[in-house]
Every structure is written in C-alpha cells, then in structure tokens.
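So the structure is just underneath, and the comments pick up after that.
Number of protein chains: 2
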Amino acid sequence: MNKRLGDQTVRIESKPRIISTASVVGPKEGKGNFKDYFDVILKNDHKENESFEKAETNILSTAISESIKRANLTEEKIGYIFAGDLLNQLSASSFAVRGMNVPFIGLYGACSTMTESLSIASMIMDGEFANYVIAATSSHFAASERQFRFPLEFGTQRALTSQWTVTGAGAMVLGKTGNFPYVTYVTTGKIKDYGVTDSNDMGSAMAPAAAATIYQHFKDTGRSPSYYDLIATGDLGKYGKEITEKLVKKYGYDISSNYMDCGQEIFDKSQDDTNAGGSGCGCSAVVYCGYIYKNMMNKKFKKVLLISTGALLSTTSSLQGESIPGIAHAVSIEYGD
Amino acid sequence: MNKRLGDQTVRIESKPRIISTASVVGPKEGKGNFKDYFDVILKNDHKENESFEKAETNILSTAISESIKRANLTEEKIGYIFAGDLLNQLSASSFAVRGMNVPFIGLYGACSTMTESLSIASMIMDGEFANYVIAATSSHFAASERQFRFPLEFGTQRALTSQWTVTGAGAMVLGKTGNFPYVTYVTTGKIKDYGVTDSNDMGSAMAPAAAATIYQHFKDTGRSPSYYDLIATGDLGKYGKEITEKLVKKYGYDISSNYMDCGQEIFDKSQDDTNAGGSGCGCSAVVYCGYIYKNMMNKKFKKVLLISTGALLSTTSSLQGESIPGIAHAVSIEYGD
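Those protein sequences? They're chains A and B, same order as listed. Sequential numbering from 0 applies to the first sequence in the working numbering. Sequential numbering from 0 applies to the second sequence in the working numbering.
Encoded structure:
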C-alpha cells in the first residue's frame, strides 16, 4: 500500500506511540489557563541561570530528561533527538543536547518546530530506524524579545496584534508499542507567503499556511473536521485564528465547532500584555505535552489534529523589506476508537 | 533484519539513488581547485541581487531548480525538500523554497547540514514516504562575515586558523531507481564539545566530532578505512584535518591514505586570505555535488564516506563564554562493486 496520500500527507502505518511527554513552563504560563497540566512550573524565568539563553537551554534539557524518565528509559535507549528552537543557530537545542549521549538532528521551522520534529520522528520510527526517539522544542520570552525585537529594558509598547512568546519546552518520547496515543498521519506544509510584512502581526502572516495545511490534510485523507475531537493550531493567536477559520471555510470545511489555537488559550485574558495570545515553538509544545496529551490519556480527546505554525522571517529579511513566509505541519494523533 | 547497527548507524536497505546534483558557486570558488566540476560559476557574489542574503537565497534556489531539471523532473514530483543554511532563522532556505510548491523541512546543523539533510532524505526515501526528495544547503561568504563576525568594510585581519566561508549551494535529487551512486549507511553524530572557545579556529572545535563519527561508522559497520576510495570531511580546514587524522588513529584506524577535507582542498593555496581553507554548509555541498559526484559517475570513486562537520556556536553563546559544540554526520555513498 502506498504510504503517500495525495500531495502532502503520509500514512504512518506502524502508529508510533507517544509513550511519555514532559512540559516545563515559566511562571507566567504557570498562571495561565493550562496551569494544572504542566509538569514543571518555574519560579522565575532565569531558572537560576546567568542569562535567558542559558535558562532556555536548561528548560529544554529538563523537558528532554524528564520525558525520558517518565518513559522509564535511559538516554542510551534513545535513537535520535529531533529538536529545534528560535534562538540563532539553534543554540538552545544544541547546548541542551550537548551533554546527552544521543544522535542529534537539529530542525528549524520557527514556531512550527513541534510538529516538524514530531513529523520527522514519526517517519523515522515508521522506517524502523530506532526503537525510541524524542521530539522536542523550546522558546523563551525574554530571549526572543531581545533577539527579535528589543531588550526588555527598552520598555516598548506592544501592539494589540502582538503575541507573547511562551517560556517553555515540551518533549515527547516515541516508542513502538504500548497503550498510548499514536501518530497516524503526517501532513507536511508548503511555504505560503501572502505578503504580510508586519512582524507584530505574525498570526495573520501564518494563517494562510495553517489553512492550506488543514485543508490539504482533509483532502489527502478524506477525513472531515468532525472526525477530530480537537483541531489545534500552534500559535496563531486571536487574529490568526479568526482568519484561519474563515479561510478553511472557503476551502469548504467548517472547523468552528472543535477548533482551538494553543496561542489564544494558553494565557488567561487577564494576564498583562499577552494581547493576541501566546507564541513561540514552546507554545504548541507545552499545550500538547501538557493539556492535550493528558486529556488524550484520560480519553477526553481521542482524535486530535495538531498543526504547529511558523513564521519564517528573520530580522534581516524584515529590514530588507521582505514579507513573512509561513509554514504549518499537521500531525494526526489518535487514541482508541 | 534490524536496520540499526550499533549505536549511531543505520543501514539504508533500499539504496536510494542520487539521480542528479547541482552546484552553484561564487567567483572565488570558481577559480579554486575544483573549478572544472561546478555547474554554475557566478560572475559576482551579488548575483544581481540587492543584498548578500538575497544573493544566497537566489544561489540556493538556482541549485535546487537546476538539480530538478538535471533529473528530468518537475517540482510536482518532489515529495520533500530538506534544506538549511547558516543565516539566522534559516532565511536563505525558507526564501529559496518560498516560491516552490513542495513540502519543506528546514534543518540546521551549521556546516554539517549537507549530510544532515542527506541523512534524513535517505531515511525518508527508505521509509517509502516519497518517490523523489531533495537535500540541499548553501552558504555565502559576505552574508556570513557580517552575521557572525564583522562587516567586510571593517577590513579585519584574518587569523591563520580562520577559514573562508564558501559562497555556494549544492542540491541533490534522490530517487528510487536508476544507475546512479546510492546511499548505503547513515551514521548520525552526537554533539562533542572539548572546550575550544576560539571562534577563529572552528576546525579544531569540530575535529573531535568528526573523529568520533568516523570511528563510530567503522565500528558500527565493521568496515575499515581501506573499504573507501575517499573519506571526505566537510570543512575542518588544514588544522582540523590534522587533528581529526590523529584522533581517528588513536581510535585505531589509519585514514591517512584516502582522506581529504573539502575545506582544505576547495581553494587554491595562492588564493588570498583563505588561510586554513574553506568552510560553510556550502563547502561540502558543492565539493560533493561537483567534484566527488562527477568522479563517482565516471567511476574514479566507487565508495565514498562523506562527513560534513558543524560548529554549533552562536554569536550569543560565544559572548556568554560558552565553548563550541561540534557535530558531524557521515553518509556512505557507493556506486557499483
């Protein structure tokens, strides 16, 4: 049977299991809507490190180590770590994995990295190249602000369309067997760029990519929105979510009844300055590894389509007048009938 | 039969073929030792673009398009593009692929990206997730200098251990069948950090990772150095190559008779300021896609071990006093008996 369905989707026949997850978040995320679902909530953004970048490294390595522990495994059993983050040269991931004795593949898909790494991890498992692999990613508010925008001390006012980069890391261990949620389909995104140039409105820039991938997933698999208990995009925020829902409707599918955006939901609306919602690779990572995974384990959600969304801009590309290309990768995760 | 051999190596049973390659280089590379093997040699580093970054984007998209054309294919036939580069947020790759209607996976392994993308591409082919995939990468001297070091106008003096980032891009199309060189083994690297902090001596920082991966490849496969006609590391340069050769000897393998480093060889020694040799993701990419591939096609080399090498530092990590983690991924490429 051909594993490839249509233009962008592959069937993951062996159904690799997500045998454990770990989520580590900062204090702000730890006071948000999903506070009861995170495994580790930090007391401060520094996590006793001398810089935000080192803190992010530490948060990611904690999530990876914790996911291994929760799977009752040891490092030597892990075939590959697939990880990425937002810092230049993927330094959070490289430094987090540096002390680990595991083959490492670095991935960059901006905030789409959680499903990018989970997609590759699932295909590598299905290809029988390893018994266990890890998919992980992280982001850090303060490290992102100073790299992409301004140092916090600058005290810039935030646009209403801007989003708050999640401080957090999520890691999943995939294994071959066991009674756990499993991956059934992977729909890999194409880059979409509709000319949005406002880097304070990344939800709008990413929405066309999200909508295209969601549509393609339904088209390739023959499924309809009602097949899923939950369709969750990564970090489109309030405005990007609205656009995505409309665009998907134009494609002929109504997702309104079971659609949430991790970015829009992660913070409580009373939390200062979060405006359009959360963002960053860590956003869909911790919401999946925390809230969604735990509600799959207790069978509240049996069928989930997770679509992390990334804005592939750089500060240089924006300064050179380029628009913001978006990408979104979808992974279908199911548990039971 | 288990595809996994030992700790880091997998057998690629289906032997995906490298059915075409394309190499695009700048004028300096076009005057170097491999000038007769490159497909496109640019007249200037700008390639008629308004910035070095846009030039790199254009060089990479040219290499990808050219590789598709040389394979007698069209974009719609390509299942995935796996690509990465050195620019922040992988912007050369994202913008190069933006106009292409192909599912995209961004990878970052610093200068190890050519074998990183080729490794993943080979496993995805072997897993039967696509009929054709592309592995590609690029780098650009002037874009790298100003991002990682100083603007060229600053006119800084270059250390003797420093290397000259290659302006160039290489792309390979992998297919299932045909009389072409094929991938047989992939050895994925672990991160090695021996504490080198001098970012003007990256060859020394990467050497331990290169040596560890080469050793692991021989150990996992049971092969010895003499099995290969050519063992080629990515961009260790003069000093990194010397260290690697010695370290591999300490591991019990003598590679001296058939070992070259793409970085050490790409420039003619008379070329100004290239000092320890070439570097950048583009280095092993264009040397493989040009010189090595063409000499595989004419059967001068029948068995090649390609080991691209990456230094996983960022300017931030160096400023924060971190040492330079290295990584190296090996791919065994063979043709005929």
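Glycine included, each C-beta is placed from N, C-alpha and C at the ideal position. Just so you know, these numbers come straight off a predicted model, no measurement behind them.
Residue i - containing beta strand (DSSP E), residue span
i	result
residue 169/B	167-174
residue 326/A	325-333
residue 310/B	302-310
residue 254/A	Residue 254/A -> no beta strand (DSSP E), and no H or E assigned at all.
residue 11/B	Unbroken run through residue 11/B: none, as it is neither H nor E.
residue 22/B	16-24
Chain-order list of residues whose beta-carbon lies under 6 Å from that of residue i (same chain, five-residue window excluded)
i	result
residue 56/B	91, 94 and 95
residue 323/B	195, 204, 310 and 312
residue 164/B	138, 140, 143, 278 and 279
residue 266/B	31, 273 and 277
residue 117/B	134 and 330
residue 348/B	Chain B is shown from 0 up to 336; residue 348/B falls before or after that span and cannot be answered.
residue 270/B	none
residue 80/A	96, 101, 103 and 133
residue 256/A	none
residue 158/A	199
residue 18/B	70, 172, 174, 177 and 179
residue 120/A	81, 132, 134 and 173
residue 39/B	23
residue 51/B	139, 141 and 142
residue 337/B	Past the edges of chain B, shown from 0 to 336, lies residue 337/B, and the structure says nothing about it.
residue 76/B	131
Span of the alpha helix (DSSP H) around residue i
i	result
residue 242/B	236-249
residue 292/B	292-296
residue 317/A	314-318
Cβ shell of residue i (< 7 Å), same chain only, five flanking positions each side left out
i	result
residue 242/A	203 and 206
residue 339/B	Not covered by the structure: residue 339/B. The range shown for chain B is 0 to 336.
residue 294/B	300
residue 247/A	210, 213, 214 and 254
residue 12/A	2 and 125
residue 344/A	Residue 344/A is absent from the structure shown; chain A starts at 0 and stops at 336.
Rounded distance between the beta-carbons of residue j and residue i, thought under 8 Å
i	j	result
residue 287/A	residue 169/A	6 Å
residue 105/A	residue 85/A	The pair is not a contact, with the Cβ atoms about 13 Å apart (cut-off 8 Å).
residue 16/A	residue 179/A	4 Å
residue 192/A	residue 97/B	5 Å
residue 225/B	residue 217/B	With a Cβ gap of about 11 Å, residue 225/B and residue 217/B do not count as contacting.
residue 54/B	residue 46/B	5 Å
residue 317/A	residue 198/A	5 Å
residue 254/A	residue 264/A	About 15 Å separates the two Cβ atoms, so there is no contact after all.
residue 14/B	residue 181/B	4 Å
residue 108/B	residue 78/B	Not a contact, Cβ separation roughly 21 Å.
residue 146/A	residue 275/A	No, residue 146/A and residue 275/A are not in contact; Cβ-Cβ is about 20 Å, not under 8 Å.
residue 231/B	residue 259/B	5 Å
residue 308/B	residue 8/B	Between residue 8/B and residue 308/B the Cβ distance is about 17 Å, and since that is not below 8 Å, they are no contact.
residue 262/B	residue 281/B	Residue 262/B to residue 281/B, Cβ: 11 Å. No contact.
Spatial neighbours of residue i in its chain, beta-carbon cut-off 8 Å, leaving aside the 5 residues before and after
i	result
residue 149/B	155
residue 298/A	334 and 335
residue 320/A	196
residue 415/B	Chain B is shown from 0 up to 336; residue 415/B falls before or after that span and cannot be answered.
Cβ-heavy atom distance, residue i to the ligand GTP, below 6 Å
i	result
residue 18/A	By its list of ligands, the structure shown contains no ligand whatsoever, and the ligand GTP lies outside what it can speak to.
| field | Selection of the stretch 86-119 of chain A by Cβ proximity to chain B, strictly under 8 Å | value | 86, 87, 88, 89, 90, 93, 94, 96, 97, 99, 100, 101, 102, 103, 104, 105, 106, 107, 108, 109, 115, 118 and 119
| query | Closer than 7 Å, Cβ to any Cβ of chain B: which residues of the stretch 11-24 of chain A, in chain order? | reply | none
| query | Residue ranges of each beta strand (DSSP E) run of no fewer than 3 residues wholly in the stretch 119-203 of chain B, ordered along the chain? | reply | 132-138, 167-174 and 181-186
| task | Could you tell me which uninterrupted beta strand (DSSP E) segments, each at least 3 residues in length, are contained entirely in the stretch 38-108 of chain B, listed from first to last along the chain? | result | 79-84 and 103-105
| task | Determine which residues of the stretch 127-141 of chain A have a Cβ less than 7 Å from any Cβ of chain B, and write them out in chain order. | result | 127, 128 and 129
| task | Pick out the complete alpha helix (DSSP H) segments inside the stretch 262-287 of chain B, 4 residues or longer, and give them in chain order. | result | 280-286
| request: Could you name the residues of the stretch 319-334 of chain B whose beta carbon sits closer than 8 Å to any beta carbon of chain A, in the order they occur along the chain? | output: 319, 321, 324 and 326
| query | Using a Cβ cut-off of 7 Å, which residues of the stretch 173-191 of chain A contact any Cβ in chain B, in chain order? | reply | 187, 188, 189 and 190
| query | Between the stretch 26-55 of chain B and chain A, which residues of the former have CB atoms less than 9 Å from a CB of the latter, in chain order? | reply | 49, 50, 52 and 53
| Residues within the stretch 302-319 of chain A neighbouring chain B, beta-carbon criterion of under 8 Å | 311, 312, 313, 314, 315, 316 and 319
| query | If you measure beta-carbon to beta-carbon, which residues of the stretch 208-236 of chain A are closer than 9 Å to chain B? | reply | none
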